[in-house]
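One structure below.
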Amino acid sequence: MSANQAEQKGLFWTPKGGNNADTIWASCHVFSSVAENKETGQLEKTSIIVDMGQNEMPHEFLNGAFQKVVPALDDCLSVPGEKKPENEAQAIFLTHSHSDHIAGIFEYLHMGVKLPEIYASEYTIKSLQKELLDKGIKRDQWPEMKTVEAGDKITINDMTVEPFTASHSIPGCFSFKISNGDTSIFHSGDTKADETSFLGKGVDMSSYDKIGGVELMTFDATATHMKGHATYEAEIFESYRQLFEENPDRQVIAVLPAAHMERLASVISAAAAAGKDVLINGGASMDSNILALHLAGYDLQKKCPNVRVVSANGDKAATIDPDKSVTITTGIYGGGNSPFVQKLKGENNDFVMRDNAVVITPSIGQGPEQINGLLEEYAPAGVTVITAADREIYGSGHAQADDFVKIAEHVHPVTVAPIHCSAKMAESFNVLAKQNGYETLEKRPHNGCTISVTKDGCRIVSVREPAWFGLNHEKQNDGSIRTSFSKEPDHGYSKEYDKPSSVHESFLKADQKDKNTALQERQEKAQKEIKAFHQKKALNKNIALLKQGKMYDR
Ligand SMILES: [Zn+2]
Ligand SMILES: [Zn+2]
78 MSANQAEQKG LFWTPKGGNN ADTIWASCHV FSSVAENKET GQLEKTSIIV
128 DMGQNEMPHE FLNGAFQKVV PALDDCLSVP GEKKPENEAQ AIFLTHSHSD
178 HIAGIFEYLH MGVKLPEIYA SEYTIKSLQK ELLDKGIKRD QWPEMKTVEA
228 GDKITINDMT VEPFTASHSI PGCFSFKISN GDTSIFHSGD TKADETSFLG
278 KGVDMSSYDK IGGVELMTFD ATATHMKGHA TYEAEIFESY RQLFEENPDR
328 QVIAVLPAAH MERLASVISA AAAAGKDVLI NGGASMDSNI LALHLAGYDL
378 QKKCPNVRVV SANGDKAATI DPDKSVTITT GIYGGGNSPF VQKLKGENND
428 FVMRDNAVVI TPSIGQGPEQ INGLLEEYAP AGVTVITAAD REIYGSGHAQ
478 ADDFVKIAEH VHPVTVAPIH CSAKMAESFN VLAKQNGYET LEKRPHNGCT
528 ISVTKDGCRI VSVREPAWFG LNHEKQNDGS IRTSFSKEPD HGYSKEYDKP
578 SSVHESFLKA DQKDKNTALQ ERQEKAQKEI KAFHQKKALN KNIALLKQGK
628 MYDR
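Here my numbering runs 77 ahead of the position in the sequence shown, where the first position is 1.
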């Protein structure tokens, strides 16, 4: 564990993923402390990994040559076939359970990597374990997992990590204060400043006051280019409550994002406030999120005892009167597999849709516009469509400008740096930061940069070529999955190159037809098989749980 003696003592931050050129996927950060061992006098390095995300759009990377793309962590994890790292990471900390923050874990396990202990909230660990089971990863490959709570202090050699509750869109979200000695970083994770929640607790701003200032705050810059604050759950609850009360005798269909469990809780609470029962037809993804909620002890039915919350696939579904209730479904991005899109196209018989239904969909941005198009094309003429243009029903899970200002006022950073952002988002974040009197880094901290954090300021001390592991999983005749992977240079994914790297250039020159036929056809076929395999498995499992009454079917 002896560190390079030339390396300075101190606290360091290295973004590995999420700080990309054009996208925000694959969040992953390494924090290191280099300190003197009092007995040997040698400098020693301790590293922790915060989040291990995956690229959700692997088709953007080398024309979809890989089914999965994860940040290369072979400098702090022992990866088969790669050089043994000089400094192995001592622990993994997870901010929350969204796949752009945790799905890299599954890929590293598929690669045969032994991972260090994972620290996260109960909800995050339950979601992780559920996915490990769904993905068929054997228990003897699972890393140790430890549930931690806001207010805990975890010591890893000379580093201390303190979780703080963060507000995002699912329960169990953390920001972390990471310190060595008297130097500290506040790493926000995905966050906003919403103190209201219908699921658990909102964020408690006063808990940030106890931090007493930090040298660096790495902050979620996904939406800080937007003015105002991310709409609070309390405001969204009120909009839905009013809409439900305005339509006592018409079927109301609320189309929601599948992973936004805070929103689901707000909408169910609004239905309860308006005295309407709830029928849920959310599809495999929402079912899976609801199951993770349930496993972590969150029970929406218990929170709303005066109304019935029933799954459309359960035997109680027939007892719900569509004209008096709220039907919750998914498909705001227009995805062909989502139950609402299938309903519009006449391919879903799990719930009825009245000719005069009121459809509420938080349409904003490019994706949800697709559902508006589908509604125009397929919905009966008597259907009323309510979008975010009509009512306050859209709220981002990420901090807008005012959220940043509010959180920074409580955390008291000297320097702030953007994370979870493209180059453009980082640019506008820095403008906002400067306007509010905070120091910023001299250059964009893209994946591969290492930033030294000191009492005298924060600066980029090295810029290494970032790298990625591309993986392919192929289903074998016996049903098992064979994983192959290769280490890939950045290909301009993290930083904008003046001129393309040699690998990138040769790839660009390769015959397009070759790439399309040889690579893509093979990949598409494998992808389809694996997707079908996982979907079927997850679905069967959810149906079994529904039948046992272990979800909201009561
Ligand atoms: Zn997230
Ligand atoms: Zn995220």
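The C-beta atom is built at its ideal place from N, Cα and C for all residues, glycine as well. The structure presented is a predicted model; accordingly, all values stated were derived computationally and were not measured.
query, result
"From Phe481, Ala142, Met129, Arg536, residue whose alpha carbon lies closest to that of glutamine 512", "Phe481"
"Cutoff 6 Å; reference lysine 207; Cβ partners in own chain excluding five residues on either side", "Ala369"
"Alpha-carbon to alpha-carbon, valine 225 and valine 280", "17 Å"
"Beta bridge counterpart(s) of phenylalanine 251 as assigned by DSSP", "Thr242"
"Reduced DSSP secondary structure (H/G/I, E/B, other) of glutamate 165", "coil"
"Assigned secondary structure, asparagine 114 (DSSP; H/G/I helix, E/B strand, else coil)", "coil"
"Check whether glutamine 328 and aspartate 400 have beta carbons under 7 Å apart", "yes"
"Neighbour-count burial assignment, asparagine 593, 16 or more Cβ in a 10 Å radius", "No answer about asparagine 593 holds up, because its pLDDT of 48 lies below 50 and its placement is not dependable."
"Which residues DSSP lists as bridging aspartate 22, in chain order", "Here the chain has residues from 78 to 631 only, and residue 22 is not among them."
"Aspartate 259 beta carbon less than 7 Å from that of alanine 476", "no"
"Buried or exposed by the 16-neighbour rule on C-beta atoms within 10 Å, applied to tyrosine 309", "buried"
"Neighbourhood of proline 636 by C-beta distance below 7 Å, restricted to the same chain and skipping five residues each side", "Residue 636 is absent from the model: the chain starts at 78 and stops at 631."
"Cβ-based neighbour list, lysine 304, same chain, cut-off 6 Å, excluding 5 preceding and 5 following", "Ala478"
"Three-way DSSP call (helix, strand, coil) for alanine 458 in this model", "coil"
"Where serine 583 sits in the DSSP three-state scheme", "Model confidence at serine 583 stands at a pLDDT of 47, short of 50, so the residue's coordinates are unreliable; what they give is reported in the following sentence. If DSSP states are grouped into helix, strand and coil, serine 583 belongs with the helices."
"Cβ-heavy atom distance, leucine 175 to ligand 1, below 6 Å", "For clarity, residue 175 is histidine in the given sequence; the question names leucine instead. Under cutoff, so the answer is yes."
"C-beta neighbour in chain B for tryptophan 90, strict 7 Å", "Absent from the structure is chain B; it holds one protein chain and no more."
"Distance cut-off 6 Å: aspartate 99 Cβ against heavy atoms of ligand 4", "The model depicted lacks ligand 4 and carries ligand 1 and ligand 2 instead."
"Residues sharing a beta bridge with tryptophan 545, DSSP", "Pro148, Glu565"
"Three-way DSSP call (helix, strand, coil) for glutamate 133 in this model", "coil"
"Simplified DSSP state of methionine 188, which is helix, strand or coil", "coil"
"Counterpart residues of glutamate 516 in DSSP-defined beta bridges", "Thr492"
"Bridge partner(s) assigned by DSSP for glycine 534", "Thr531"
"Aspartate 128: CB within 6 Å of a non-hydrogen atom of ligand 1", "no"
"Cβ-heavy atom distance, aspartate 271 to ligand 1, below 6 Å", "no"
"Any non-hydrogen atom of ligand 1 closer than 6 Å to aspartate 267 Cβ", "yes"
"Alanine 351 versus arginine 318 - alpha carbon distance", "6 Å"
"Status (buried if at least 16 other CB within 10 Å, exposed otherwise) for tyrosine 455", "exposed"
"Short Cβ contact (7 Å threshold) for threonine 407 with glycine 359", "yes"
"Reduced DSSP secondary structure (H/G/I, E/B, other) of asparagine 366", "helix"
"Candidates Lys254, Pro416, Ile214: closest to isoleucine 636 by CA position", "One cannot answer for residue 636 here, as it falls past the ends of the chain, which runs 78 to 631."
"Close-in-space but distant-in-sequence residues of the same chain around threonine 527 (CB under 6 Å, 5 per side omitted)", "Phe89, Thr91, Val538, Ser539"
"Alpha helix (DSSP H) segment containing phenylalanine 263, residue limits", "Counting along the chain, phenylalanine 263 falls outside any alpha helix (DSSP H), though it belongs to the beta strand (DSSP E) covering 260-264."
"Euclidean distance between Cα positions of phenylalanine 275 and glutamate 339", "7 Å"
"Euclidean distance between Cα positions of phenylalanine 610 and arginine 559", "Caution is warranted here: a pLDDT of 47 is assigned to phenylalanine 610, below 50, making its placement in the model unreliable, and the coordinate value is therefore given only provisionally. Each residue's Cα considered, the two are about 14 Å apart."
"Sequence-distant residues of the same chain with beta carbon closer than 7 Å to glycine 189, five excluded per side", "Pro157"
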